[in-house]
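This report refers to the structure that appears directly beneath it.
There are 4 protein chains.
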Amino acid sequence: MAGNTFGNLFKLTTFGESHGIAIGGVLDGCPAGLEIDLDAIQKELDRRKPGQSAIVTQRKEPDTVEFYSGIFEGKTTGTPIGFAIHNTNQKSHDYSHIKDSYRPSHADYVYDQKYGFRDYRGGGRSSARETASRVVAGAIAKQMLAGIKINAFVSQVGDLRLEKSYQDLDLTLTESNDVRCPDSDMAAQMETYIKAVRKEGDTIGGIISCVIQNVPVGLGEPVFDKLHAELGKAMLSINAVKGFEYGSGFEGVKMKGSAHNDQYNSDGSTKTNHSGGVQGGISNGMDIYFNVAFKPVATVIQGYETIDKEGNKVQTQGKGRHDPCVVPRAVPIVEAMAALVLADYTLLNRTIQL
Amino acid sequence: MAGNTFGNLFKLTTFGESHGIAIGGVLDGCPAGLEIDLDAIQKELDRRKPGQSAIVTQRKEPDTVEFYSGIFEGKTTGTPIGFAIHNTNQKSHDYSHIKDSYRPSHADYVYDQKYGFRDYRGGGRSSARETASRVVAGAIAKQMLAGIKINAFVSQVGDLRLEKSYQDLDLTLTESNDVRCPDSDMAAQMETYIKAVRKEGDTIGGIISCVIQNVPVGLGEPVFDKLHAELGKAMLSINAVKGFEYGSGFEGVKMKGSAHNDQYNSDGSTKTNHSGGVQGGISNGMDIYFNVAFKPVATVIQGYETIDKEGNKVQTQGKGRHDPCVVPRAVPIVEAMAALVLADYTLLNRTIQL
Amino acid sequence: MAGNTFGNLFKLTTFGESHGIAIGGVLDGCPAGLEIDLDAIQKELDRRKPGQSAIVTQRKEPDTVEFYSGIFEGKTTGTPIGFAIHNTNQKSHDYSHIKDSYRPSHADYVYDQKYGFRDYRGGGRSSARETASRVVAGAIAKQMLAGIKINAFVSQVGDLRLEKSYQDLDLTLTESNDVRCPDSDMAAQMETYIKAVRKEGDTIGGIISCVIQNVPVGLGEPVFDKLHAELGKAMLSINAVKGFEYGSGFEGVKMKGSAHNDQYNSDGSTKTNHSGGVQGGISNGMDIYFNVAFKPVATVIQGYETIDKEGNKVQTQGKGRHDPCVVPRAVPIVEAMAALVLADYTLLNRTIQL
Amino acid sequence: MAGNTFGNLFKLTTFGESHGIAIGGVLDGCPAGLEIDLDAIQKELDRRKPGQSAIVTQRKEPDTVEFYSGIFEGKTTGTPIGFAIHNTNQKSHDYSHIKDSYRPSHADYVYDQKYGFRDYRGGGRSSARETASRVVAGAIAKQMLAGIKINAFVSQVGDLRLEKSYQDLDLTLTESNDVRCPDSDMAAQMETYIKAVRKEGDTIGGIISCVIQNVPVGLGEPVFDKLHAELGKAMLSINAVKGFEYGSGFEGVKMKGSAHNDQYNSDGSTKTNHSGGVQGGISNGMDIYFNVAFKPVATVIQGYETIDKEGNKVQTQGKGRHDPCVVPRAVPIVEAMAALVLADYTLLNRTIQL
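This is how it looks when you write it as structure tokens:
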């Protein structure tokens, strides 16, 4: 209810504030008998961690996950998997610019209004640091979903947009550059642009695209919990996300039905895939693909005027080491959330037929 | 779990197939003591019902709702509100074109794959007829949310796009035309266009925009159940929806943080509203606004080739009386789903502080 | 949340007041492809219905269930099963003795306090009439659980206690008498006693025992949702229930561990069954057995003093046709709730192992 | 779903195996602004911890809880409270008697059947060690429920039964002896008896009674989630519990309605309290009282024959330091679970009326 749990059968609950003692979570419902590759989990965390390249925040956090339960002799036991990532970067910052004033387009103001007060250190619970816990659970989900391939990548930064269809990209190149864009030329342009934006003390938005291959037919529930509705919620729950579209998306509204409809081949596959791999909320076996829009990071290293708790105007400035563009580090988060959704529906689908 | 329930505290469960005996639902958790305006509920149903104008399906269904429980002496009792809408239009259609073959971009194929068989009459559970139950519950939610104004309207049909900002529109005009577009000129163009598309036996997509005013600060949960994430899921769960964006949305990715950030006035309101009324997943008291993309209706009255259950090619054609464009009738559905989300968070918000 | 839903995967939501238009429910998550025996469902309702014998209330209600959805061509479709039982016995009673005063040991007072007002007709939502909806869903659960045998029976009425172990009873005799006690002699004594109590205008309590045979190993979840914990909750949620014990129960507290422990046979079965078929919250394949204590019905046809809404003393008397002893009619309710629990865990168990 | 979460609005999820790295949990939904008394939490853990007296297991575990999140400047923030208790007693035991064989009346066999394998060390997840996490969350719940007094105490050990009504006991004496029985004479007898049982290498069962005072009217939901049903589930979810009864309980079945009914005083209180403070599933403001039956601990230090995984007979013996009687240490667990139930319903009750 309080919104810190995701999933029903494959269920993740997270806890932790940015600068508290630890963040972490409990993954409940992971089936017993899954061999866990701990290195693969840490590798996903490393894709998300700060300080990994020149175009992300230079904050240092090793983000080492400790597992407390639920794994025995290398395999999941069917009992809850408790884990924690201790915050090593809790040095006594100067938080005076946050403590008593509200940074624009951050959650400071609404937290104070909703809860009466807040843990202001580093954004507290509203920090995207929480997503590290999602990446841990998502990495386990990926291992459970062995055959399914989830490929997220950066397709837009500011105005720089990768116009190619995903079919024309080599998705194995995503990790070959710091931006995580599978087109080297575009990646280079994006990198140069992000550096320029950072130099200005500013930030810029972007889009992550995701393609999911080898999805079995039948995942997703027909009414409120449509597969794409849950994917949409999953993505919109990631910090800074402003939009989600799948298949033909917003462009599809301009099409006529006769052109938009995906005609069947005799094996049940479709000749086109405007549906984006989902029909009536249920996967149809074609590739699932979707776009996720991220706004520019709110923390800019430029002076600005804002208000304090009493509504007085105060002059302030972003401090610390922040991301000029969030999308390179958000790629593994998008994949993790997609994996959590698919894992949940995979288990649920076992209960559908007599 | 099986996906027919929406909400946690203000919780709607729906049932019913397009051509079964009745559709309906149970609304649980509606607080006691709410005076129910039954006419207002029926009016919302009338906004959604078939046959209401020249640009929607000419099928006739009175869509009269019967309440079975939970309302006594004109007020909610705090017990579940059970209701049903009997299907009056169950005449013995010829379903042979649906029964054994799969209509492109419909849910026929995936239902058969998922469940082993399906109620093929009129699309069964996958029909948008189910949304009538949502409108009933949403109408009750609206009554509970008295002060909050939820205004959905059609902002795009095909390429015809209303470029004005919602602040420059008179939203009271939405119901003044059949398209439900608050700009009369644009509404006329859209209507002409929809009629032309119908004449071709084709269909066209569109966008519904929604503006929610007078939202109190503090609605929404900070992590997985962010207000906009739940709104997004709610919208994506409506039949034919392909995308959702709020605030600056997909366009916002092109902006820099310094421009995107919403500076505060001394009363906590913001000078701009790129945030779309939500910060960190929690309402900040500014207008909430979002766009919902609808694909063109899949049922086209044109001949096409598809496959039957055995994968054989069959020649077929859409029959019956279908909508050439879904958005005019979907306006009350968008509002209903928004109302359900807000009602749920309104109740939850009572539990947040000591 | 508001407590009108039971189960997670095999999930029943009920609605309806005693003297409203209809009671009913939605059963969501029943797997597709189950052939439904409608007669068997009605037969279960008939075991619960008023007026069925000389020792129950003589109120007349046919309790005919109508199914609105989720069943097609005789089989479940995997979509929600909506159903209703219209109340035929809504004649304009004189409710003055209930409307403004609080009957002792009824829910009148607490409903008014909790909700601000109440539907006072026949007890409204607090009436055991609601359990008819449970019997409908339970009957479907029974059909899904084909191999499992759920046998509830009356084992005590007042001081009249069936001392025999269930192994020494012929459980097929339960339906051979009006009391639903599988021992004919004891049944006759109980029947005589109940009639005598009724003649006094009084009521008497009783115990229902339940034996579940052929349960597969592995049902139940190990911590909060132990099989017996959920069974316990299910039983305690039935009107008038005051206690639940399984296996050795309250008597078991007097035993030493060396005597209480159930030693294994080489096939995993146990020589004794103090565990009651459940170990660590999980079924072990042995018979599950438990007892459910029902208090005497609160409505007595004797004059008594009580209070009205203002706290004034009022003299009143039970009216209408009430059960002198609730256990004969509660036997199918106990079975229905047990079936709902087992159906839910049966589905969940499909998700436990990789 | 997988059963490691308790509560809806005040929601505890626990993790951890007896001899894993740590046990712990996440408490989500605790309202913001609650001042947390950490010493009081530790004190509750100390009431439950091993080695606290001569009549419990002499195993040494400090059971020190660390909080990771959700508490800031001494108060809850409204975000999830993550906590862990590291297991210090993980020395390399000899588990050969458990690893390959099934201890009678333990969960060894069913875990292997359900999950395919198990963490056999010290009982793994099935160990009552998990309840320490419940005590942590329950202690927070108690602090939230400031005015409500929850008093559990031992009322029976083997045949030794405290016959006095709770009104005739001084419940402040519960902590004055190692048994936690508020009657000194009976406590002394029980203590002597437990020591004798332990000397035999055997164990004995017992009953914990619980009285809850100052409960506001209106807690509990009317149908499936009746207050006593949820309390019953909470208690039955505690290791070794075999039965639950409240108010008149199993004895009440022998009473007639005219005697059992609780007549009202003019202030809404009742002259008697056979209802046990709950009517129609909703608290009525009178004392809530109930009994919880605990079977004798299954681990006996006596030789016995059992089976191994292949069904071969093996001769074995309980090892280690186990409780001869579980009830003294279970008193704080009963209180914790009661507190969790009441906290959940307290929050839910804020949403019931308009």
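Protein chains in written order, with numbering that gives the first Met the number 0: chain A, 0 to 353; chain B, 0 to 353; chain C, 0 to 353; chain D, 0 to 353. The C-beta atom is built at its ideal place from N, Cα and C for all residues, glycine as well. It should be emphasised that the depicted structure is a prediction, and the values quoted were computed from it without experimental measurement.
Assigned secondary structure, residue i (DSSP; H/G/I helix, E/B strand, else coil)
| i | result |
| --- | --- |
| Asn-348 of chain B | helix |
| Arg-160 of chain B | strand |
| Gly-205 of chain C | strand |
| Glu-244 of chain B | strand |
| His-85 of chain A | strand |
| Phe-5 of chain B | strand |
| Gln-55 of chain D | The question names Gln, yet the displayed sequence has Val at residue 55 of chain D. Coil, per DSSP. |
| Ile-20 of chain D | coil |
| Val-277 of chain C | strand |
| Phe-71 of chain D | strand |
| Gln-262 of chain C | coil |
| Asp-307 of chain D | strand |
| Ile-237 of chain A | coil |
| Tyr-101 of chain A | strand |
| Phe-223 of chain A | coil |
| Ile-287 of chain B | strand |
CB contact below 7 Å: residue i versus chain C
| i | result |
| --- | --- |
| His-362 of chain D | Given that chain D is displayed from residue 0 to residue 353, the structure contains no residue 362 of chain D and the question cannot be resolved. |
| Pro-30 of chain A | yes |
| Ile-351 of chain A | yes |
| Gln-301 of chain D | yes |
Within-7 Å CB hit, residue i to chain A
| i | result |
| --- | --- |
| Gly-77 of chain C | yes |
| Pro-49 of chain C | no |
| Met-254 of chain B | yes |
| Leu-144 of chain D | no |
| Arg-124 of chain D | yes |
| Glu-16 of chain B | no |
Opposing strand residues paired with residue i [DSSP bridges]
| i | result |
| --- | --- |
| Gly-302 of chain A | A:Gln-316 |
| Asn-150 of chain A | A:Val-210 |
| Ile-80 of chain C | C:Leu-26 |
| Ala-329 of chain B | According to DSSP, Ala-329 of chain B bridges with nothing at all. |
| Tyr-108 of chain B | Tyr-108 of chain B pairs with nothing; no bridge assigned. |
| Lys-10 of chain B | B:Asp-27 |
| Phe-293 of chain D | D:Gly-205, D:Val-240 |
| Thr-269 of chain C | C:Tyr-263 |
Test: residue i CB closer than 7 Å to a CB of chain D
| i | result |
| --- | --- |
| Ala-1 of chain C | yes |
| Asp-158 of chain C | yes |
| Leu-341 of chain B | no |
| Ser-68 of chain A | yes |
| Ala-131 of chain A | no |
CB contact below 7 Å: residue i versus chain B
| i | result |
| --- | --- |
| Ala-138 of chain A | no |
Euclidean distance between Cα positions of residue i and residue j
| i | j | result |
| --- | --- | --- |
| Lys-241 of chain A | Ile-97 of chain A | 24 Å |
| Val-196 of chain D | Val-291 of chain D | 21 Å |
| Ser-17 of chain A | Leu-170 of chain B | 42 Å |
| Arg-128 of chain B | Thr-63 of chain B | 13 Å |
| Leu-8 of chain B | Met-0 of chain C | 6 Å |
Along the stretch 262-285 of chain D, what residues have a CB closer than 7 Å to any CB found in chain B? none
Name the residues in the stretch 322-348 of chain D whose C-beta lies less than 7 Å from a C-beta of chain B; which are they? Leu-346
Residues within the stretch 101-121 of chain C neighbouring chain B, beta-carbon criterion of under 9 Å: Tyr-110, Lys-113, Tyr-114, Gly-115, Phe-116, Arg-117, Asp-118, Tyr-119, Arg-120
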